[in-house]
Structures are given as structure tokens and as C-alpha cells.
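Visitor: Submitted below is the structure of interest, expressed as C-alpha cells.
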Amino acid sequence: MQFRKKSEMKYVNLWVPHDKIMTLSIFPNPHFILYSPQEGAMLTPSANNPELRIAIYRASSLGDVVLASACLDLLAQLSIPMQITWIGRGAALELLAKSWPDLRTVTIDKGAGLPELGRVVSELQSTHLFIDLQNNLRSQWLARNLKTLHRVPYFVADKAQLARNRLLFEARVRGRRRPLPERAQLAATFQFNMMADTLRKALRFQLPLELRNGLDNLNCRPRLPIPTGFDPPWRKELRFGSWLAVAPGAAHATKQAPLESLIGVLDTVRSRARLSDGMKASPLGLIFLGDNKDRQFARQILDGLAWDGPVLNLAGKLSLWESAVALSEARCLLSNDSSLSHIAEAVDTPAAVLFGPTVEAFGFAPRMPGSRAFSSPIGCRPCSKHGKVSCRFGDKLCFASLPLAPVAEHLLRLLAVKPNAAVNTGTAYFKRQGTTPPEDRGYLNS
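So, in C-alpha cells, the structure goes:
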């Protein structure tokens with residue numbers, strides 16, 4: 001579609017379905033009138049700007065969905081009316097919906113068949129753009145049917161599968177005879193940037209010229225806005241003192257560092273924190289996050305750790321969105337290469353992330369200046385794309401050979417830094433202050 005501004009007689013593209021070709025006459029006021037080029041008749045007057053309707057498909061994995069929230073951050077910076085629909089499922093979709101209340105959601109089951117896919121196509125038929133960040137058979141079917149049946153243009157994210165497969169093949173051949181090359185420890189680009197670039201490409205295709213200008217200069221990042229209105233007892237508890245979050249679990253056992261490694265890091269942090277002048281004012285607390293399995297891991301860590309500060313074992317007690325809220329109150333996070341590390345950064349909490357069978361070059365390394373990835377340069381890495389494959393040597397040397405002192409030192413630096421006056425809360429901000437108030441601590445009981 002074209003629209004013609006009366007004062008400049010200028011034609012530019014406008015976001016309308018491409019099968020409805022019309023001409024717009026824009027006057028100095030915000031009203032616009034649609035004309036049919038075939039009949040020259042006025043069709044519809046409106047006092048509102050046209051609404052851009054975008055559908056984004058990313059249903060799994062959880063960490064990837066969190067990274068894909070960078071697209072929502074990018075769209076939030078555009079001063080145009082829009083309706084954004086996210087196609088996904090489960091806890092990941094709920095997490096986005098809680099953080100972005102204006103987001104329209106469409107659920108698609110993991111084993112969705114043709115009837116359910118047809119339903120989704122019907123729901124999205126009035127969409128102007130379809131952004132496929134999943135790039136699997138199901139999302140491709142949706143994209144092609146939307147294009148064929150409803151002329152909805154679609155854009156597909158490049159997941160750099162060939163580059164990842166090459167890294168896996170090289171590691172298989174190399175084994176442990178040679179160390180991991182440096183290029184495998186550095187990502188050419190973050191995965192969230194690749195997804196955001198797909199959205200930018202779609203917007204350049206669809207937006208008017210004056211709105212396309214500067215699009216590439218907009219910085220975006222994975223973001224989960226956290227409101228201040230949600231105030232359960234455990235959040236009030238976390239606002240007092242300094243808290244180190246610990247996520248001992250991972251989606252797959254191979255990606256999980258041995259508990260002895262986490263105990264070693266935390267024991268060093270505990271002993272060094274006692275000697276730090278900047279950390280003597282208030283005791284350092286630990287907050288454990290994850291699922292029910294991680295709750296048991298947390299107990300095992302505490303059994304092997306003489307921790308004398310406050311402890312909140314919230315693993316298995318919180319929803320995914322509540323875990324994001326808890327992370328927003330922590331100073332920093334110690335975790336494996338897991339979704340919780342991405343959630344932490346999406347709420348502006350830096351992380352120390354332990355990499356084992358996966359490598360930073362896959363594009364999932366932490367992005368914040370205060371965050372850091374820790375890994376061993378043994379040559380058999382990476383042995384798996386997602387950590388599903390068991391260690392072929394049976395010793396998980398990628399974790400066992402990981403020096404623990406640098407991890408503890410990094411966490412101590414993060415803990416010693418005074419917290420910002422404002423933390424990520426979406427549109428509202430609060431300050432940390434005071435001492436622990438008396439609370440009903442029944443929620444801590446197992």
C-alpha cells in the first residue's frame with residue numbers, strides 16, 4: 001500500500017495487507033482517508049493511526065524464549081500503535097505475558113497436529129507480519145500457510161545451525177589431543193541479536209520510510225519488566241541486605257556442574273566476604289532458585305557448606321515469573337548455562353555462568369558487562385548443542401577442570417559493588433534500604 005501526504009505529495013509504504021492495495025491521503029491532522037484506486041471512492045475515515053499487527057513464534061526452549069524478548073524490547077521503542085501476538089506455550093509464554101501485559105498470546109501445544117495449526121492460522125489471518133524465530137517444521141508450516149492463504153509476509157531467523165554443527169564436528173575429531181581454539185569461546189554475535197535482526201528486516205520491509213530511518217540504531221536486549229505491585233513476603237525479605245542467587249540445576253544433567261564445584265565457589269565467597277570491609281555491614285544471604293529437583297540440590301549444597309548467613313530455599317516454590325521477580329532483587333547469580341542465567345540478565349542482574357558441554361560460541365553467553373562466562377579450554381568441547389548427550393569420556397572434565405577461584409572472585413566483585421539506586425521494575429523503581437523486618441516465614445518450610 002502507498003500513502004500520500006498532501007503537504008509533500010510523498011508516497012511511502014504502509015503496513016496493510018498486500019492484497020488490499022489502496023491509496024491514503026494524509027492531512028496535517030491525524031485523520032486519514034482510504035481511497036480505492038480502482039473506483040476512486042472514499043472507503044473508511046478514521047481518527048486513529050493504523051495499527052501494525054505482528055505475530056512472533058518462539059515456543060521453546062525456555063532460555064531462547066527469554067532471549068527472544070529482545071524483540072519486544074525493540075518494538076517497545078517504536079512510537080507506532082501495534083498489536084503483538086506471541087505464539088508459544090507453557091511457563092515460557094506465561095512469563096512473557098506477565099512481564100508484558102499488553103502482549104496477546106496464542107498457545108500451541110508441543111504435539112500440535114493439523115487441526116490445531118489450522119486454528120492458529122485462522123487466528124493470525126489479519127496479521128501484517130509473521131516473525132518465525134523457531135525455524136522448525138511446525139513454524140515453517142504456519143508461515144507458508146499464512147503466506148499462501150492470507151498473503152501474510154514472513155521472515156525466518158537464522159539459527160546458525162551449520163556453524164554449530166561445525167563446532168561439534170571439530171570437537172569430535174579433535175578430542176582432548178588439542179585445546180579448544182579461542183574462536184570457539186567467543187560468539188560472533190549473540191543469539192538474541194540474530195533474532196532482533198530478523199525483526200528489523202521485517203520492519204524495514206513493512207514500515208514507512210520515515211519510521212525505518214534509525215531502526216538499526218535502536219539498541220535492544222532481552223528484557224522482562226518487573227512491576228512493584230507484586231509484593232509477597234519473600235520479596236520483602238530480599239529487599240533487605242545482600243543476596244547471592246544460586247541456580248544449581250540445568251535442563252539436562254550433562255550441563256549441570258557438580259555440586260562440589262558450587263560448594264567450593266560458595267565456600268570461598270563465604271570466607272572472603274567475612275574479611276571484606278564493604279560486606280561486613282550486613283550478612284550475605286543465599287537464595288536458591290529452580291524446580292523441585294533443584295530444591296534437593298540446594299539442601300545438599302547447604303549440607304556441605306558452613307553458611308552462617310540467611311538462606312532462602314525457594315527452589316520448587318516459585319513460578320517462573322516469580323523466579324524472575326526474585327532474581328531482580330538479588331545482587332548477582334551463580335548458575336550453569338541455563339535459562340535462569342538469561343532470566344537474571346533480562347531483569348538486570350549480572351551472572352557468573354559455568355559452561356560445560358556447550359560453548360560460548362553458540363551465542364548464549366551472558367551479555368551484561370558485569371556478567372561473565374567461565375569454562376575450561378579442553379578440546380572435547382562442545383559435545384552437545386543443548387547438553388542432552390552424556391559425556392563420552394564419563395568424567396565431565398569440562399567442569400572438573402574448571403578453576404573455581406576466578407568464579408568466586410568475580411562474584412565477590414559483584415557483591416562488593418553498591419546496588420544501583422534503582423533496579424529493573426518496568427515503569428516504576430524502588431530503593432533497597434533498612435534491615436530485615438519481622439515476617440511470617442512459613443513460606444520457607446519444606
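Per my numbering, the very first residue in the sequence shown carries number 1; after that it's consecutive. The beta carbon of each residue, even a glycine, is placed where N, CA and C say it ideally should be.
What residue ranges within the stretch 354-402 form continuous beta strand (DSSP E) runs of no fewer than 3 residues, ordered along the chain?
Guide: Within the stretch 354-402, the complete beta strand (DSSP E) runs of at least 3 residues are 372-374.
Visitor: Under the rule that 16 or more other beta-carbon atoms within 10 Å means buried, what is Q191, buried or exposed?
Guide: Taking the first residue of the sequence shown as 1, we reach residue 191 at position 191. Buried: at least 16 other Cβ atoms inside 10 Å.
Visitor: Here's the rule I'm using: 16 or more other beta-carbon atoms within 10 Å means buried, otherwise exposed. How should G356 be labelled?
Guide: One-based indexing of the sequence shown puts residue 356 at position 356. Label assigned to G356: buried.
Visitor: Near M368, which residues of its chain fall below 8 Å by C-beta distance, leaving aside the five closest residues on each side in sequence?
Guide: Here the question's residue 368 lines up with position 368 in the sequence shown. Closer than 8 Å at the Cβ level, and outside the excluded window around M368, lie E345, D348, P350, A351.
Visitor: Could you tell me which uninterrupted alpha helix (DSSP H) segments, each at least 4 residues in length, are contained entirely in the stretch 85-128, listed from first to last along the chain?
Guide: The stretch 85-128 contains these whole alpha helix (DSSP H) runs: 90-99, 114-123.
Visitor: Here's a check: name, in chain order, each residue in its chain whose Cβ is nearer than 7 Å to the Cβ of S69, leaving out the five neighbours to either side.
Guide: Within the sequence shown, numbered from 1, the residue matching residue 69 stands at position 69. Taken in chain order, the residues that qualify are L96, P222, R223, L224, A346.
Visitor: For A55, which of helix, strand or coil comes out of DSSP?
Guide: For the purposes of this step, residue 55 is taken as residue 55 along the sequence shown, with counting starting at 1. In the structure shown, A55 sits in a strand (DSSP, three-state: E or B).
Visitor: With V66 as the anchor, note down where its alpha helix (DSSP H) starts and where it stops.
Guide: Here residue 66 is taken as the residue at index 66 of the sequence shown, counted from 1. It spans 62-76 - the alpha helix (DSSP H) in which V66 sits, taken as one unbroken run.
Visitor: Counting only runs of 4+ residues fully inside the stretch 159-203, write out the alpha helix (DSSP H) ranges in chain order.
Guide: Those alpha helix (DSSP H) runs which fall completely within the stretch 159-203 and span 4+ residues are 161-174.
Visitor: Do R235 and E94 have their CB atoms nearer than 8 Å?
Guide: Locating residue 235 in the sequence shown gives position 235, where the first residue counts as 1. Locating residue 94 in the sequence shown gives position 94, where the first residue counts as 1. Cβ atoms of R235 and E94: not closer than 8 Å.
Visitor: Distance check for I226 and N219, CA to CA, integer angstroms please.
Guide: On the sequence shown, residue 219 is found 219 positions in, with the first residue counted as 1. On the sequence shown, residue 226 is found 226 positions in, with the first residue counted as 1. Each residue's alpha carbon lies about 20 Å from the other.
Visitor: If you scan the stretch 197-276 from start to end, which runs of the alpha helix (DSSP H) of 4 or more residues do you find wholly inside it?
Guide: DSSP runs (the alpha helix (DSSP H)) wholly in the stretch 197-276: 209-212, 233-238, 259-275.
Visitor: Can you tell which of G316, A59, G285 has its C-alpha closest to the C-alpha of W243?
Guide: Within the sequence shown, numbered from 1, the residue matching residue 243 stands at position 243. Ranking G316, A59, G285 by Cα distance to W243 puts G285 first.
Visitor: So, R53 versus T127, is the Cβ gap smaller than 8 Å?
Guide: Within the sequence shown, residue 53 is the residue found at index 53, counting from 1. Within the sequence shown, residue 127 is the residue found at index 127, counting from 1. Contact flag set, yes.
Visitor: Nearest to A247 by alpha carbon, out of G394, N135, S339, Q140?
Guide: Sequence index remark: in the sequence shown, residue 247 carries index 247 (1-based). When each option's Cα is compared against that of A247, the closest is S339.
Visitor: Closer than 8 Å by C-beta to P258: which residues in its own chain qualify, once you throw out the five before and the five after it? Chain order, please.
Guide: In the sequence shown, counting from the first residue as 1, residue 258 sits at position 258. Same-chain partners within the cutoff: K396, F399, A400.
Visitor: Closest to F288 by CA distance: which of A245, A361, S122, A143 is it?
Guide: Your numbering for residue 288 matches position 288 in the sequence shown. With distances taken between Cα atoms, F288 lies closest to A245.
Visitor: Would you give the residue range spanned by the beta strand (DSSP E) that S335 belongs to?
Guide: In the sequence shown, counting from the first residue as 1, residue 335 sits at position 335. Where S335 is concerned, the enclosing beta strand (DSSP E) stretches over 332-336.
Visitor: Who are the near neighbours of R174 in its chain, counting only those whose CB is closer than 6 Å to its CB and skipping five residues on each side?
Guide: Locating residue 174 in the sequence shown gives position 174, where the first residue counts as 1. Excluding positions up to five away in sequence, the list reads G379.
Visitor: Which residues in the same chain have their Cβ closer than 6 Å to the Cβ of A143, if we skip the five residues on either side of it in sequence?
Guide: Within the sequence shown, residue 143 is the residue found at index 143, counting from 1. Within the same chain, A143 has close Cβ partners F130, D132, Y154.
Visitor: Ignore the nearest five residues each way along the sequence and tell me which others in G316's own chain have a CB closer than 6 Å to its CB.
Guide: Locating residue 316 in the sequence shown gives position 316, where the first residue counts as 1. Counting only Cβ-Cβ distances below 6 Å, and skipping sequence neighbours, we find D291, N292, R295.
Visitor: Our contact map puts G249 next to P283 with C-beta atoms below 8 Å; I'd like the distance itself, whole angstroms only.
Guide: Stepping through the sequence shown from its first residue, residue 249 is reached at position 249. Stepping through the sequence shown from its first residue, residue 283 is reached at position 283. Actually they are not in contact, since the Cβ atoms of G249 and P283 sit about 25 Å apart, beyond 8 Å.
Visitor: So V311 is in the beta strand (DSSP E); what residue range does that whole segment cover?
Guide: Against the sequence shown, residue 311 aligns to sequence position 311. That run of the beta strand (DSSP E) goes 311-313.
Visitor: For E360, is the classification buried or exposed, using 16 other Cβ atoms within 10 angstroms of its Cβ as the cut-off for buried?
Guide: Looking up residue 360 in the sequence shown gives position 360. Buried, because 16 or more other Cβ atoms sit within 10 Å of the Cβ of E360.
Visitor: Which of the three DSSP states, helix, strand or coil, is assigned to L289?
Guide: Here residue 289 corresponds to residue number 289 of the sequence shown, with the count starting at 1. Correct three-state label for L289: coil.
Visitor: Any idea which residues DSSP pairs D132 with across the strands?
Guide: Residue mapping note: residue 132 aligns to position 132 of the sequence shown, counting from 1. BP columns for D132 point to Y57, V156.
Visitor: Three-state secondary structure (DSSP) at L404?
Guide: What you label residue 404 is simply residue 404 of the sequence shown in a count that begins at 1. Looking at L404 - three-state DSSP - the assignment turns out to be coil, as it is neither helix nor strand.
Visitor: How close, in whole Å, do the beta carbons of F362 and L402 come, if the pair is a contact with beta carbons under 8 Å?
Guide: What you label residue 362 is simply residue 362 of the sequence shown in a count that begins at 1. What you label residue 402 is simply residue 402 of the sequence shown in a count that begins at 1. That pair is no contact at about 18 Å.
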